[in-house]
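For reference, the structure is listed below as structure tokens.
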Amino acid sequence: MNGFGRLEHFSGAVYEGQFKDNMFHGLGTYTFPTGAKYTGNFNENRGSQASLLLLFITFKLIQNPDKP
């Protein structure tokens, strides 16, 4: 695959961006199953060091059944 595309992995990870020879190559965004995102330039499936990593942390509120 060459050009712009979207790849959805069964784990929930998604890559959207440029492809070259079936590899992530060029500008793109890789979204991890956790919601964290890596946006920047890719070179043969590897992200560049000057890219931006955005972390989104979610919390689950668990109520203590012993306290009202």
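For the sequence shown, position 60 (counting from the first letter as 1) is numbered 63 according to the numbering used here, and the numbering increases by one without interruption.
Note that beta-carbon positions come from the ideal geometry of N, C-alpha and C, so glycine has one too.
Keep in mind that this is a model prediction, so the values were computed, not measured.
On the DSSP bridge list, what partners appear for F13? Position 10 of the sequence shown, counted from the first residue, corresponds to residue 13. None, per the DSSP bridge assignment.
Which residues in the same chain have their Cβ closer than 6 Å to the Cβ of T34, if we skip the five residues on either side of it in sequence? One-based indexing of the sequence shown puts residue 34 at position 31. Non-local beta-carbon contacts of T34 in its own chain, meaning distances under 6 Å to residues more than five positions away in sequence, involve V17 and K40 in chain order.
Could you tell me the boundaries of the beta strand (DSSP E) in which G31 lies? Here residue 31 refers to the residue found at position 28 of the sequence shown. Element bounds for G31: M26 to T34.
Three-state secondary structure assigned by DSSP to G38: Working through the sequence shown from its first residue, we reach residue 38 at position 35. Taken through DSSP and simplified to helix, strand or coil, G38 comes out as coil.
What number of angstroms, rounded off, separates the C-alpha of E11 from the C-alpha of G20? The residue given as residue 11 occupies position 8 in the sequence shown. The residue given as residue 20 occupies position 17 in the sequence shown. Between the alpha carbons of E11 and G20 lies a gap of roughly 12 Å.
Straight-line gap, S14 to F7 (C-alpha atoms, nearest Å): Taking the first residue of the sequence shown as position 1, residue 14 is located at position 11. Taking the first residue of the sequence shown as position 1, residue 7 is located at position 4. Roughly 21 Å between the two C-alpha positions.
State yes or no: is the C-beta of N48 within less than 8 Å of the C-beta of L30? Here residue 48 is taken as the residue at index 45 of the sequence shown, counted from 1. Here residue 30 is taken as the residue at index 27 of the sequence shown, counted from 1. Against a cut-off of 8 Å, the Cβ pair of L30 and N48 comes out as no contact.
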